[in-house]
Amino acid sequence: VCPVGAITELSEIDKVWAALEDDEKHVLVQTAPSVQATLGEEFGMEPGTVVTGQMVAALRRLGFDQVFSTDFAADLTILEEGNEFLKKLNGEGELPHITSCCPGWVKGAEHNFPDLLKHLSSAKSPMQMFSALSKTYYPEQTGVDPATIYTVAVMPCTAKKFEKDREEINGSDFKDTDAVLTTREFARMIKEMGINFNSLPEEDFDELMGESTGAGTIFGTTGGVTEAAVRTVKEKLTGEPLERLNLGFRGINQAEVRIGDRLVKVGIANGFANAQKLLERVRAGECELDFIEIMACPHGCVGGGGQPRPATNEKKDKRAQGLANIDDSSKIRKSHENPQILKLYEEFLGEPLGGESHHLLHTKYKARPKN
Ligand code: SF4
Numbered sequence: 203v204c205p206v207g208a209i210t211e212l213s214e215i216d217k218v219w220a221a222l223e224d225d226e227k228h229v230l231v232q233t234a235p236s237v238q239a240t241l242g243e244e245f246g247m248e249p250g251t252v253v254t255g256q257m258v259a260a261l262r263r264l265g266f267d268q269v270f271s272t273d274f275a276a277d278l279t280i281l282e283e284g285n286e287f288l289k290k291l292n293g294e295g296e297l298p299h300i301t302s303c304c305p306g307w308v309k310g311a312e313h314n315f316p317d318l319l320k321h322l323s324s325a326k327s328p329m330q331m332f333s334a335l336s337k338t339y340y341p342e343q344t345g346v347d348p349a350t351i352y353t354v355a356v357m358p359c360t361a362k363k364f365e366k367d368r369e370e371i372n373g374s375d376f377k378d379t380d381a382v383l384t385t386r387e388f389a390r391m392i393k394e395m396g397i398n399f400n401s402l403p404e405e406d407f408d409e410l411m412g413e414s415t416g417a418g419t420i421f422g423t424t425g426g427v428t429e430a431a432v433r434t435v436k437e438k439l440t441g442e443p444l445e446r447l448n449l450g451f452r453g454i455n456q457a458e459v460r461i462g463d464r465l466v467k468v469g470i471a472n473g474f475a476n477a478q479k480l481l482e483r484v485r486a487g488e489c490e491l492d493f494i495e496i497m498a499c500p501h502g503c504v505g506g507g508g509q510p511r512p513a514t515n516e517k518k519d520k521r522a523q524g525l526a527n528i529d530d531s532s533k534i535r536k537s538h539e540n541p542q543i544l545k546l547y548e549e550f551l552g553e554p555l556g557g558e559s560h561h562l563l564h565t566k567y568k569a570r571p572k573n
């Protein structure tokens, strides 16, 4: 069951077509990490087939002015959230640290675990980080009038449609995310346009906010945020690389990592029932974990409600493996080594958790009536 109650896909296809046809608008698009390993199924390919290059080509043929990657912003999330976690490990803030990049889980927490909200990272999701930058950093670097920019996000779920309309989410002076398309809606647009997806050439994302690391890509599946965060935190603290955590793709899993003289305990839960089990342990003071990743959908975003249907566990395993394969073959696999993220901090944000980052990239949560 969709945790935000947005079971029906409220289509924004017409809004996006209208923006693409409006000569006054400069239309940017970002694609979530999981989409590159699921979109191919809509065109008869095997689950887990990686179609990143064709996906970029299709977006250009639909008429988007710039085609960017949410994976870039996932790397940025790691820099912000990783530094938050480091502070908590040093005694500034309460452990366990709980991730906040899944809007389905955040809304579930506001309704059902308001007492745990103080543990949640204040970092916005990668989608919202990207969108805030699309109306601030992007126009500053390119000279495009921010009032003309229209930002579209291709996402795995309907919860993202709710997230973009949260009243406290905007960081720029505009609406940060203008429209959200699910993977299925995106596929429908490709078909409506008569594009032969399977014969498209592979193209690259645009510069500035299109480069990502393997760590950013695995955000699209359960365990990915944890693996990416610990990769950066361990290397920042000790200079030593992380061996794989191997948290698996299903249910609740835990791992221990030695970081210097400390044994850091991390855990993941995907699917709301699993999350509930783990969080009841936190609530009861029976959980010794330092870092907890919660994803509302089974398997994480590869199992999101906006992905191709039907989706069995075996299909979701293959989608998750598709993302793991991208990570394995990436030249850069650590978020803190993404050159476009380093440029972003150098030329615009300053430093992680600094004033500008706090204003654009972080948010707050509130208790809502129990559901
Ligand atoms: Fe959306 Fe599900 Fe991913 Fe959460 S886990 S962001 S609800 S697809």
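So that you can map any letter, position 73 of the sequence shown is 275 in UniProt numbering, and since no number is skipped, the others follow by simple counting.
We put the CB at the ideal spot given by N, CA and C, even for glycine.
In terms of residue numbering, what span does the alpha helix (DSSP H) encompassing residue i cover?
i           : result
residue 561 : 557-563
residue 444 : Counting along the chain, residue 444 falls outside any alpha helix (DSSP H), and DSSP gives it neither H nor E.
residue 246 : Segment: none, residue 246 is in no alpha helix (DSSP H) and carries neither H nor E.
residue 364 : 361-366
residue 528 : 515-531
residue 217 : 215-223
Which stretch, first to last residue, makes up the beta strand (DSSP E) that contains residue i?
i           : result
residue 268 : 268-271
residue 230 : 228-233
residue 458 : 454-461
residue 384 : 381-384
residue 344 : Element bounds for residue 344: not the beta strand (DSSP E) but the alpha helix (DSSP H), 339-344.
residue 495 : 493-497
residue 582 : Residue 582 is absent from the model: the chain starts at 203 and stops at 573.
residue 469 : 464-472
residue 411 : Per DSSP, residue 411 belongs to no beta strand (DSSP E) and is neither H nor E.
residue 329 : Unbroken run through residue 329 is the alpha helix (DSSP H), 328-336; no beta strand (DSSP E).
residue 353 : 351-357
Taking the alpha-carbon positions, what's the residue i to residue j distance?
i           : j           : result
residue 299 : residue 419 : 22 Å
residue 488 : residue 260 : 49 Å
residue 376 : residue 464 : 44 Å
residue 509 : residue 262 : 21 Å
residue 566 : residue 323 : 9 Å
residue 395 : residue 264 : 7 Å
residue 361 : residue 352 : 20 Å
residue 229 : residue 222 : 7 Å
residue 549 : residue 535 : 23 Å
residue 436 : residue 444 : 7 Å
residue 209 : residue 439 : In this prediction, residue 209 scores a pLDDT of 46, lower than 50, which makes its location untrustworthy; the coordinate-derived value is nonetheless stated afterwards. Those two C-alpha atoms are separated by around 42 Å.
residue 458 : residue 219 : 48 Å
residue 547 : residue 334 : 15 Å
residue 454 : residue 307 : 15 Å
residue 279 : residue 399 : 31 Å
residue 521 : residue 390 : 20 Å
residue 469 : residue 314 : 20 Å
residue 408 : residue 570 : 40 Å
residue 281 : residue 402 : 34 Å
residue 332 : residue 484 : 31 Å
residue 252 : residue 456 : 28 Å
residue 531 : residue 415 : 10 Å
residue 479 : residue 466 : 21 Å
residue 540 : residue 426 : 17 Å
residue 500 : residue 557 : 36 Å
residue 417 : residue 378 : 24 Å
residue 358 : residue 272 : 12 Å
residue 503 : residue 342 : 32 Å
Compare the Cα-Cα distances from residue i to each of the options and report the closest residue.
i           : options               : result
residue 326 : 336, 395, 365 and 340 : 365
residue 527 : 254, 228, 219 and 243 : 254
residue 217 : 497, 380 and 547      : 380
residue 388 : 406, 283, 410 and 356 : 356
residue 406 : 232, 291, 518 and 222 : 232
residue 224 : 393, 350 and 338      : 350
residue 397 : 384, 226 and 245      : 245
residue 525 : 306, 280, 559 and 424 : 424
residue 285 : 573, 571 and 564      : 564
residue 505 : 237, 212, 227 and 226 : 237
residue 523 : 449, 568 and 308      : 449
residue 491 : 557, 411, 471 and 545 : 471
residue 371 : 302, 421 and 428      : 302
residue 460 : 572, 482, 481 and 433 : 433
residue 155 : 451, 382 and 330      : Residue coverage of the chain in this structure runs from 203 to 573, which leaves residue 155 outside it and unanswerable.
Report buried or exposed for residue i, applying the criterion of at least 16 other Cβ atoms within 10 angstroms of its Cβ.
i           : result
residue 257 : buried
residue 561 : exposed
residue 345 : exposed
residue 430 : buried
residue 514 : exposed
residue 337 : buried
residue 386 : buried
residue 373 : buried
residue 249 : buried
Is residue i close to the ligand SAH? I mean its beta-carbon at under 7 Å from any heavy atom of the ligand.
i           : result
residue 541 : Absent from the structure shown: the ligand SAH. Ligands present: the ligand SF4.
Compare the C-beta of residue i with all C-beta atoms of chain B and state if any pair is closer than 8 Å.
i           : result
residue 264 : Here chain B cannot be found, since the structure has a single protein chain.
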